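Asks: So for the sequence shown, our numbering puts the first residue at 793; every next one is plus one.
C-beta atoms are modelled at their ideal positions from N, C-alpha and C, and glycine is treated no differently.
The structure displayed is predicted, hence computed values, not measured ones.
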Amino acid sequence: MAAIMFVYAMFRQYFPPQLQDYIFQYGKKLSNFMYPYIHITFDEFTGEKIKKSEAFSAIQNYLSDKSSANAKRLKADVVKDSQSLVLSMDYNEEITDEFNGVKLWWSANRTTTKTQQFSFYPAADEKRFYTLKFHNRHREVITGTYLSHVLKQGKAIAANNQQRKLYSNGAGQGNRSSTTWTHVAFEHPATFDTLAMDEKKIREIKKDLVTFSNGKEYYAKIGKAWKRGYLLYGPPGTGKSTMVAAMANFLNYDVYDLELTTVKNNVELRRLLIETSNKSIIVIEDIDLVGVKESLFSPPTMLTSLIQL
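Rendered as structure tokens:
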């Protein structure tokens, strides 16, 4: 290594800049000739994990069918109330795709690093991403039409699979693992038509929900986050969960049941909230008991609403 650094220093010092540029350009061409493939990475989150990437979700849907047919190593999940398995491409696995006679390769990958935080259980920060590999001569086809095709197909698959999901957070494997979201099919039959509630109040709630669901542009215009909170209060058996189910069925939203007792710290809570989908209902139960562990959340301002849309 020291010899390489010495040669490089001599090169930078004694070779004219014009000759250096020529050598670098020639070296780049030689490198491209020896390995003419381009790699594009699609991360699960954009920026500093502020928002989940729509491209990642679309690619995940697009590759779902191809993975079960072509991948050699698969991950299997059991679907609730069914004997069938849902198969997806395992990490570090690669499958081949073809578009207009162009062959390309997709791979699923992840990296894990330890995060520095004040906790008895240091959490592992996992970064998931897809990598697309293709020959340099097909660059225009891939960046021009193929990626648009993948995103369009992925969104179409998501639209066809409109089964709502009920997510819950639980501890990961091992005492030192962070909590993760798991889900089952959301099949609660409750609707506003079946609620034992004053009809005038039901109309008010439905009108408020419709106004909110159609107000994305308005919220963006006034510079506020597109979300809405509701606080449901009452003893067990008074219909709080049924109300949540009716709202989810009315809006066609997924439901996230956030169990705070399994969350170790602010970093983990933030990650769980970021991983929720855009159109979803976040339910925080037993909100009156949050003070028992409020030292973990400073300040606990986000815990004032039971239901967060």
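Counting only runs that start and end within the region 1047-1083, where is the alpha helix (DSSP H) found for 4 or more residues in a row?
Replies: 1058-1066
Asks: Can you find the residues in the same chain that come closer than 8 Å, C-beta to C-beta, to Val-1036, ignoring five residues on each side of it along the sequence?
Replies: Residues Leu-1024, Val-1047, Ile-1073, Val-1075 and Ile-1099 of the same chain have their beta carbon placed closer than 8 Å to that of Val-1036, with the five preceding and five following residues left out of the count.
Asks: Is it the case that the region 926-940 contacts the region 1010-1030, given that we only count it when at least three CB pairs across the two stretches are under 8 Å?
Replies: Contact fails between the region 1010-1030 and the region 926-940, because fewer than three Cβ pairs, one in each stretch, are under 8 Å apart.
Asks: Assign Ala-900 to buried or exposed, taking buried as 16 or more other Cβ atoms, counted over all protein chains shown, within 10 Å of its Cβ.
Replies: buried
Asks: List the endpoints of the continuous beta strand (DSSP E) containing Tyr-829.
Replies: 829-835
Asks: Quick one: is Tyr-829 buried, meaning 16 or more other Cβ sit within 10 Å of its Cβ, or exposed?
Replies: exposed
Asks: Would you list the one or two residues that DSSP bridges to Asp-990?
Replies: Asp-990 pairs with nothing; no bridge assigned.
Asks: Where does Ala-1012 land, buried or exposed, given buried means 16+ other C-beta within 10 angstroms?
Replies: exposed
Asks: Is it the case that the region 949-963 contacts the region 1051-1067, given that we only count it when at least three CB pairs across the two stretches are under 8 Å?
Replies: yes
Asks: If we count the other Cβ atoms within 10 Å of its Cβ and call it buried at 16 or more, is Glu-1009 buried or exposed?
Replies: exposed
Asks: Using a Cβ-Cβ cut-off of 8 Å (strictly less than) and excluding sequence neighbours within five positions of Thr-838, which residues of its own chain qualify?
Replies: Within the same chain, and ignoring the five residues on either side of Thr-838 in sequence, the residues whose Cβ sits closer than 8 Å to its Cβ are Lys-844 and Ser-845.
Asks: Given a cut-off of 8 Å on the beta-carbon distance, is the pair Lys-956 and Asn-1044 in contact?
Replies: In the sequence as presented, Lys is not what sits at residue 956; that position holds Arg. For Arg-956 and Asn-1044, yes; Cβs fall inside 8 Å.
Asks: Grab me the residues of Tyr-922's own chain with a C-beta within less than 8 Å of its C-beta, minus the 5 sequence neighbours each way, in chain order.
Replies: Thr-833, Phe-834, Phe-848, Ile-851, Gln-852, Leu-855, Trp-898, Ser-899, Ala-900 and Asn-901
Asks: Are there any heavy atoms of the ligand MN lying less than 7 Å away from the beta-carbon of Lys-999, as far as the coordinates show?
Replies: No copy of the ligand MN appears in this structure; indeed no ligand is present at all.
Asks: Can you check the region 916-960 for any alpha helix (DSSP H) of at least 4 residues that lies completely inside it and give the ranges in chain order?
Replies: Taken in chain order, the complete alpha helix (DSSP H) segments of 4 or more residues contained in the region 916-960 are 939-952.
Asks: Can you tell me whether Arg-929 is buried or exposed, with buried defined as 16 or more other CB within 10 angstroms of its CB?
Replies: exposed
Asks: Kindly list the residues whose CB is nearer than 6 Å to the CB of Leu-943, restricted to its own chain and excluding five residues on each side of it in sequence; keep chain order.
Replies: Ala-850
Asks: In chain order, what are the residue ranges of uninterrupted alpha helix (DSSP H) at least 4 long that sit wholly in the region 1002-1044?
Replies: 1008-1014 and 1032-1043
Asks: For Ala-977, which of helix, strand or coil comes out of DSSP?
Replies: strand
Asks: Give me the Cα-Cα distance between Ala-951 and Leu-939, rounded to the nearest whole angstrom.
Replies: 18 Å
Asks: With H, G and I counted as helix, E and B as strand and the rest as coil, what does DSSP make of Lys-858?
Replies: helix
Asks: Would Ala-1038 be called buried (16 or more neighbouring beta carbons within 10 Å of its own) or exposed?
Replies: buried
Asks: Could you tell me the distance, in whole angstroms, from the CA atom of Asn-884 to the CA atom of Val-1002?
Replies: 43 Å
Asks: Specify the secondary structure class of Phe-891 as computed by DSSP and reduced to three states.
Replies: strand
Asks: Spatial neighbours of Trp-1018 within its chain, please: CB distance less than 6 Å, with the 5 preceding and 5 following residues excluded, ordered by chain position.
Replies: Lys-1008 and Tyr-1011
Asks: Identify every residue that forms a DSSP beta bridge with Ala-868.
Replies: The partner list for Ala-868 (beta bridge, DSSP) reads Leu-879.
Asks: What's the C-alpha gap between Phe-891 and His-941?
Replies: 9 Å
Asks: Helix, strand or coil: which one does DSSP assign to Gly-966?
Replies: Confidence at Gly-966 is low in this model, with a pLDDT of 46, below 50, so the placement of that residue should be treated as unreliable; the coordinate-derived value is given next. When secondary structure is reduced to three states using DSSP, Gly-966 falls in the coil class, being assigned neither helix nor strand.
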